[in-house]
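> The C-terminal position of the sequence shown is numbered 274 in my numbering, with every residue numbered one higher than the one before it.
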Amino acid sequence: MLPENVQWYFPSTLREASKLIQKEGIILHAGGTRILKTQTKSIKGLVEISGLGLNYIKNNKNKISIGAGSTFADVVAYNRATKQLPMLAKALHQAASTPLRNRITIGGSLKDFPLWSSLYAPLLALNAKVKVTGEAVGIYSIEDYVTKNIIKKNHIVKEIIIKEEPGLIADIKRFSLIKFEYPLFTIAAAFKVKNFIVQNARFYITGVKSRFKRFKRAESIFINKQITSELIENSIKFINPKFPSDYKYSSDYKETVSKVNFNDLLTELRKKVV
Ligand SMILES: Cc1cc2nc3c(=O)[nH]c(=O)nc-3n(C[C@H](O)[C@H](O)[C@H](O)COP(=O)(O)OP(=O)(O)OC[C@H]3O[C@@H](n4cnc5c(N)ncnc54)[C@H](O)[C@@H]3O)c2cc1C
Numbered sequence: 001m002l003p004e005n006v007q008w009y010f011p012s013t014l015r016e017a018s019k020l021i022q023k024e025g026i027i028l029h030a031g032g033t034r035i036l037k038t039q040t041k042s043i044k045g046l047v048e049i050s051g052l053g054l055n056y057i058k059n060n061k062n063k064i065s066i067g068a069g070s071t072f073a074d075v076v077a078y079n080r081a082t083k084q085l086p087m088l089a090k091a092l093h094q095a096a097s098t099p100l101r102n103r104i105t106i107g108g109s110l111k112d113f114p115l116w117s118s119l120y121a122p123l124l125a126l127n128a129k130v131k132v133t134g135e136a137v138g139i140y141s142i143e144d145y146v147t148k149n150i151i152k153k154n155h156i157v158k159e160i161i162i163k164e165e166p167g168l169i170a171d172i173k174r175f176s177l178i179k180f181e182y183p184l185f186t187i188a189a190a191f192k193v194k195n196f197i198v199q200n201a202r203f204y205i206t207g208v209k210s211r212f213k214r215f216k217r218a219e220s221i222f223i224n225k226q227i228t229s230e231l232i233e234n235s236i237k238f239i240n241p242k243f244p245s246d247y248k249y250s251s252d253y254k255e256t257v258s259k260v261n262f263n264d265l266l267t268e269l270r271k272k273v274v
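#1: Kindly confirm or deny that the stretch 147 to 166 and the stretch 103 to 116 touch, where touching means at least three C-beta pairs closer than 8 Å.
#2: In the DSSP assignment, what are the bridge partners of Q7?
#3: Buried or exposed: where does T267 fall if 16 or more other Cβ atoms within 10 Å of its Cβ makes it buried?
#4: Any heavy atom of ligand 2 inside 7 Å of the beta-carbon of Y182?
#5: Identify, in the order they occur along the chain, each residue of the same chain with its Cβ nearer than 6 Å to the Cβ of K173, setting aside the five sequence neighbours on each side.
#6: Suppose the cutoff is 7 Å on Cβ atoms and the five residues either side in sequence are ignored; what does the same chain contact list for F196 look like?
#7: Applying the criterion that 16 or more other CB atoms from any shown protein chain within 10 Å of the CB defines a buried residue, is D171 buried or exposed?
#8: Taking 8 Å as the threshold (C-beta atoms), are F243 and K254 in contact?
#9: Around the Cβ of S235, are there at least 16 other Cβ atoms within 10 angstroms (buried) or fewer (exposed)?
#10: Quick check: is any heavy atom of ligand 1 less than 7 Å from the C-beta of H29?
#11: Taking 7 Å as the cut-off, is the C-beta of A125 nearer than that to any heavy atom in ligand 1?
#12: Sorry if obvious, but does the Cβ on K37 come closer than 7 Å to a heavy atom of ligand 1?
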C-alpha cells in the first residue's frame, strides 16, 4: 500500500519530470509493478511518465529506438508486426504473465534490474544503448549504465537504441522449473557470422551475484572459426557464473544448470548457421 499522502504529478515534459525527481522521495511511476510491491514506505511523490511521449518503437535506417514507456507487450506486438527484435521479443514474451506484460515498461525494468530480469541479457547481447536525462545525461552502453552507476542516479530512461546487425544469429534461454516463477537466470548469446565464419560473439547471463556476467574467454574460442560441437564443448569450460543461493536452489545447482543451458543454446545457434 502507498502512504495516503503520496502526491501524484502528471508532467508533460521531460524537463518538468526531471526537475521533480531531483527532490527527495519523489520517483517516477511507469508500470508500477515494482513500486507497489517494494518501494512504498519512502515515497513522498510519484511522477507519472505516461504523458511524456515515451511510448513508441521506431526503426530509422536500421536503428531501432524503443521508448522507455513501451511495455513488454508492445515489444512483442512490434516483433509480430515487423519480425524485428526476435530475441528481445522472445525474452519479454516469456516474462511474468499477460496482465503484467501489459504494464511492465522498458524504462522501469531497466532502472529496476531485478535478479530475474528478462530484459538485460538480450539487450547486452544485442549491444544495446540507453539514452538518459536528468542527473545523468547522454547515451550509454547497457554495461556502462550499470557498472558506472548511472542506474543509481536520479535519471529518466528515455529510450533504448538497438542497431540491427546483418549476419547476427542470437537467442536466449530463460530457466525456471515452474513456468510462472521468476527465472533463476536468463542467458543470451549472439554470433556475428559472415560466410559461416564467426566474426564476433557476445555471451551474457543475468541472475548472478554480479548482476550480469559476460564470458569473453568462452566467446574468443569461436572468433574467425566455424561453430563446431568441439568448440562449443571447449567454450563451456569458461562458463563459470557465480550465483547467490536461495531458499530453493543452491548456487552450485544453478551453475551446473546454466552450463547445460549454455551448451544447448550454442548448439541451437550452430544449427542456425549451418
Ligand atoms: C509477479 C511478477 C513477476 C515478474 N516476472 C518478471 C520476469 O519474469 N521478468 C522480468 O523482466 N520482469 C518481471 N517482473 C517485473 C519486475 O519485477 C519489475 O516489477 C518491473 O521490471 C518494473 O517495471 P515497471 O515498468 O512496472 O516499473 P515501476 O514499478 O513503475 O518502476 C520501477 C522503478 O523504475 C523507476 N522508473 C520507472 N520508469 C523509469 C524511467 N523511464 N527511467 C528511470 N527510472 C524509471 C521507478 O521510479 C522505480 O524506481 C515481474 C513482476 C511481478 C510483479
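Glycine is no exception: its CB is placed at the ideal position from the N, C-alpha and C atoms.
In this text the structure is predicted, and so the values were computed from the model without any measurement.
Reading off the structure:
#1: yes
#2: Mapped onto the sequence shown, residue 7 falls at position 7. Beta-bridge pairing links Q7 to G45.
#3: By one-based count along the sequence shown, residue 267 stands at place 267. Exposed is the call here.
#4: Absence of ligand 2 from the depicted structure is noted, with ligand 1 being the only ligands included.
#5: Here residue 173 refers to the residue found at position 173 when the sequence shown is read from its first residue. Counting only Cβ-Cβ distances below 6 Å, and skipping sequence neighbours, we find I187, N261 and L265.
#6: What you label residue 196 is simply residue 196 of the sequence shown in a count that begins at 1. Cβ neighbours of F196 beyond the five flanking positions: Q226 and V273.
#7: The sequence position of residue 171 within the sequence shown is 171, counting from 1. By the 10 Å Cβ count, D171 comes out buried.
#8: Locating residue 254 in the sequence shown gives position 254, counting from the first residue. Locating residue 243 in the sequence shown gives position 243, counting from the first residue. Their beta carbons are under 8 Å apart, which means K254 touches F243 by this criterion.
#9: Position 235 of the sequence shown, counted from the start, is the residue given in the question as residue 235. Flag for S235 reads buried.
#10: Numbered from its first residue, the sequence shown carries residue 29 at position 29. Answer for H29: yes, Cβ within range of ligand 1.
#11: In the sequence shown, residue 125 corresponds to position 125, counting from 1. A125: no, Cβ never under 7 Å from ligand 1.
#12: Along the sequence shown, one-based indexing puts residue 37 at 37. Indeed, a heavy atom of ligand 1 lies less than 7 Å from the Cβ.
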